[in-house]
Amino acid sequence: MVGGRLATGLRDVTADLTALDSSGFWAVVLPFEGAPVCARFDDVRPATPWRGRPWRGPARDAWTTSLDAAAFTAGVDEIRRVIAAGGVYQVNLTRRLSAPLPPEASIPALGAALAQGNPAPFSAVVQLPDQGVRVASASPELFLARRGPVVWSSPIKGTAATADGFLAKDAAENVMIVDLVRNDLGRVCASGSVEVPALLGLEPHPGLFHLVSTVRGRLRPDAGWPELVAATFPPGSVTGAPKLAALEVIDRLEPVPRGVYCGAVGWVDADRAEGELNVAIRTFWVEDGRLHLGTGGGITWDSDPAGEWAETELKAANLLAVVSEGPARTGQAGTAAP
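The sequence shown begins at 10 in this note's numbering and counts up one residue at a time.
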């Protein structure tokens, strides 16, 4: 289920992004690390409510974290040192929450539970067992949209529990990433066509609020999906600025790969030259018999380590409440062992 449509009748699967400029309807999964998965389907129709067995998730106290509070805040301090030394302006630091996958767990049922308890504008459910892809995303963030030659991205930077709870740091984060996205799109868009039609818009989402901007441009005639993804991936909002330097810091500080998390999930209608790819945040995936969820945030010089940890807790709280069985222990996502 992608873009509000149910795609069945799998025809072929490829890692070659040039296929997205060929023909047919494609579900697309771009892991943060690793090869793309592009699956073409023959039957596409509007999605209908899930009528199968309801989702039964792991116990709420079964979740563990790849970075505990001490390790995460130490990472924030390290990023601030790198910023002070002039190495980066911002780095997105994340951690992975994991729990045993319940027997007979159904990813479509998980997607249905998220649709009810954590609705999101760029939700997606992709299940390709032979490719090892089992993903249920409740993403609020648009990575790339395309309508013919017009392309745009709507990065989220800035998170608060209330509409009036944003700090000056949140706006600064957003503006830095908008500039990065402008530069990325400028690599494949016609000269002078890149613009920012919306800056620092306020959006409510389940349990929190975000600042969202939009950057838009017109693709050059010689650019298609492969060139667009090459110029912009991974998304700037979940890497940092400058992007390559931020990726080096991420690789050093995060103890486990991100997997699908912080990549992109969505659809492409090659016949119409249209598509939407989300930023794969608020996203669950299955790997090695366990269910995973990532959470993180953008770190700048003004970041408070304890506040950044609290933001990761806020982003995960509603999702864990929706998918888990039983009551939570206080601070569970933070106090679980790595």
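No residue lacks a Cβ here, since even glycine has one placed at the ideal position from N, Cα and C. From a predicted model like this one, the values you see are computed outputs, not experimental measurements.
**Prompt:** Cβ of G226 less than 7 Å from any chain D Cβ?
**Reply:** Checking the listed chains, one finds no chain D in this structure; it contains a single protein chain.
Judging by CA-CA distance, which residue of S312, F293 and F41 is the nearest neighbour of P109? The count along the sequence shown starts at 1 and reaches residue 109 at position 100. Per the Cα distances, F293.
* From P347 to K324, what distance separates their C-alpha atoms? -> Walking along the sequence shown from the start, residue 347 turns up at place 338. Walking along the sequence shown from the start, residue 324 turns up at place 315. Annotation note: pLDDT 33 at P347 (below 50); position unreliable, coordinate value reported separately. Taking the straight line from one Cα to the other gives about 19 Å.
Exercise. For S132, count neighbouring Cβ atoms within 10 angstroms of its own Cβ and tell me buried if that reaches 16, exposed if not.
Key: Looking up residue 132 in the sequence shown gives position 123. S132 should be labelled buried.
Report the three-state DSSP secondary structure of I186 (helix, strand or coil). In the sequence shown, counting from the first residue as 1, residue 186 sits at position 177. In this structure, I186 counts as helix in the three-state DSSP scheme.
Use the C-beta contact count for P164: other C-beta atoms within 10 angstroms, 16 or more gives buried, fewer gives exposed.
As a first step, residue 164 is located in the sequence shown; it is residue number 155 there, counting from the start. Buried is the call here.
- Query: Hey, out of R104, S246, P243 and F175, whose CA is closest to P213's CA?
  - Reply: As a working mapping, residue 213 is identified with position 204 in the sequence shown. Nearest of R104, S246, P243 and F175 to P213, Cα basis: F175.
- Message: Just to confirm my understanding: we take S107, look at its own chain, exclude 5 residues before and 5 after, and list those with CB closer than 6 Å. What are they?
- Response: Here residue 107 corresponds to residue number 98 of the sequence shown, with the count starting at 1. Result list for S107: T73, R299 and H301, in chain order.
Item to complete: Mind checking which residues open and close the alpha helix (DSSP H) that includes A330?
Response: Numbered from its first residue, the sequence shown carries residue 330 at position 321. From DSSP, the alpha helix (DSSP H) with A330 extends over P314 to V332.
* Is the beta carbon of V295 less than 7 Å from the beta carbon of V37? -> For the purposes of this step, residue 295 is taken as residue 286 along the sequence shown, with counting starting at 1. For the purposes of this step, residue 37 is taken as residue 28 along the sequence shown, with counting starting at 1. Judged by beta-carbon spacing, V37 lies beyond the 7 Å limit of V295, meaning their Cβ atoms are not closer than that value.
Compute the beta-carbon to beta-carbon distance between A232 and V97, rounded to the nearest angstrom, for a pair I have assumed lies under 8 Å. Locating residue 232 in the sequence shown gives position 223, where the first residue counts as 1. Locating residue 97 in the sequence shown gives position 88, where the first residue counts as 1. Not quite, the Cβ-Cβ distance comes to about 28 Å (not below 8 Å), so this is no contact.
Note to self: Taking the straight line between their C-alpha atoms, what separation do you get for T247 and V221?
What the structure shows: Counted from its first residue, the sequence shown places residue 247 at position 238. Counted from its first residue, the sequence shown places residue 221 at position 212. Sequence check: residue 247 is Val here, not Thr. Their Cα atoms are separated by approximately 14 Å.
Exercise for the section: Report the rounded CA-to-CA distance for I308 versus E334, giving the unit in angstroms. Expected result: Here residue 308 corresponds to residue number 299 of the sequence shown, with the count starting at 1. Here residue 334 corresponds to residue number 325 of the sequence shown, with the count starting at 1. Roughly 32 Å separates the two Cα atoms.
Compute the distance between the beta-carbons of V100 and S162, then report whether it is under 7 Å. For the purposes of this step, residue 100 is taken as residue 91 along the sequence shown, with counting starting at 1. For the purposes of this step, residue 162 is taken as residue 153 along the sequence shown, with counting starting at 1. Not in contact: V100 and S162 (Cβ atoms no closer than 7 Å).
Checklist line | Stretch pair the stretch 267–274 + the stretch 118–129: three plus CB contacts closer than 8 Å | finding: no
Practice item. In angstroms with no decimal places, state the Cα-to-Cα distance between P117 and A145. Key: Stepping through the sequence shown from its first residue, residue 117 is reached at position 108. Stepping through the sequence shown from its first residue, residue 145 is reached at position 136. About 7 Å.
Name the two residues that bound the continuous alpha helix (DSSP H) containing Q362. With the chain represented from 10 up to 347, any question about residue 362 goes unanswered, as that position is not in the structure.
Can you pull the DSSP bridge partners for S222?
Residue numbering aside, residue 222 sits at position 213 when the sequence shown is read from its first letter. Beta-bridge pairing links S222 to no other residue.
| query | Given P348, which residues of its chain have a CB within under 6 Å of its CB, disregarding the five upstream and five downstream residues? | reply | Nothing can be reported for residue 348: it is not among the residues displayed for the chain, which extend from 10 to 347.
Which whole-angstrom value describes the C-beta separation of V22 and A48, a residue pair presumed to lie in contact below a C-beta threshold of 8 Å?
In the sequence shown, the residue the question calls residue 22 occupies position 13. In the sequence shown, the residue the question calls residue 48 occupies position 39. Between A48 and V22 the Cβ distance is about 5 Å, and since that is below 8 Å, they are a contact.
*For A181, I'd like the list of residues in its chain whose CB is within less than 8 Å of its CB, leaving aside the five on either flank, ordered along the chain.*
By one-based count along the sequence shown, residue 181 stands at place 172. Taken in chain order, the residues that qualify are T309 and D311.
### Task
Check whether the Cβ atoms of G399 and P40 lie closer than 7 Å to each other.
A query on residue 399 cannot be resolved here, the shown segment of the chain reaching from 10 to 347 and no further.
**Prompt:** From this set, P266, D86, L253 and P251, which residue's C-alpha is nearest G316's C-alpha?
**Reply:** Along the sequence shown, one-based indexing puts residue 316 at 307. The residue with the shortest Cα to Cα distance from G316 is D86.
Check: If we count the other Cβ atoms within 10 Å of its Cβ and call it buried at 16 or more, is R227 buried or exposed?
Finding: Stepping through the sequence shown from its first residue, residue 227 is reached at position 218. With 16 or more Cβ atoms within 10 Å of its Cβ, R227 is classed as buried.
query = Which class does N192 belong to by DSSP, given the choice of helix, strand or coil?
reply = Position 183 of the sequence shown, counting from 1, holds the residue named residue 192. Residue state, collapsed to three classes: helix.
Quick check on the DSSP output: the beta strand (DSSP E) that includes D278 runs from which residue to which? Looking up residue 278 in the sequence shown gives position 269. Element bounds for D278: A273 to D278.
**Request:** Go ahead and pull the three-state DSSP assignment for F81.
**Result:** The sequence position of residue 81 within the sequence shown is 72, counting from 1. DSSP places F81 in helix when its eight states are reduced to three.
TODO: Compute the beta-carbon to beta-carbon distance between L29 and W234, rounded to the nearest angstrom, for a pair I have assumed lies under 8 Å.
DONE: Counting from one through the sequence shown, the residue named residue 29 turns up at place 20. Counting from one through the sequence shown, the residue named residue 234 turns up at place 225. Right, the Cβ-Cβ distance comes to about 4 Å (below 8 Å), so this counts as a contact.
Assigned exposure category for G284 - 16 Cβ within 10 Å defines buried: Here residue 284 is taken as the residue at index 275 of the sequence shown, counted from 1. Answer is buried; the Cβ neighbour count reaches 16.
inquiry  = Out of E320, M185, E257 and D52, which one is the CA nearest neighbour of L208?
reply    = Taking the first residue of the sequence shown as position 1, residue 208 is located at position 199. Minimum Cα distance to L208 is reached at M185.
Is DSSP giving P55 helix, strand or coil here? Within the sequence shown, the letter at position 46 stands for residue 55. In this structure, P55 counts as strand in the three-state DSSP scheme.
**Request:** Specify, as a first and last residue, the run of the alpha helix (DSSP H) that A254 falls within.
**Result:** The residue you call residue 254 lines up with position 245 of the sequence shown. Unbroken alpha helix (DSSP H) run through A254: K252 to L262.
Can you name, in chain order, every residue of its own chain whose Cβ lies under 7 Å from the Cβ of H219, other than the five neighbours on each side?
Here the question's residue 219 lines up with position 210 in the sequence shown. Closer than 7 Å at Cβ, skipping near neighbours: P149, I165, G167, T168 and E212.
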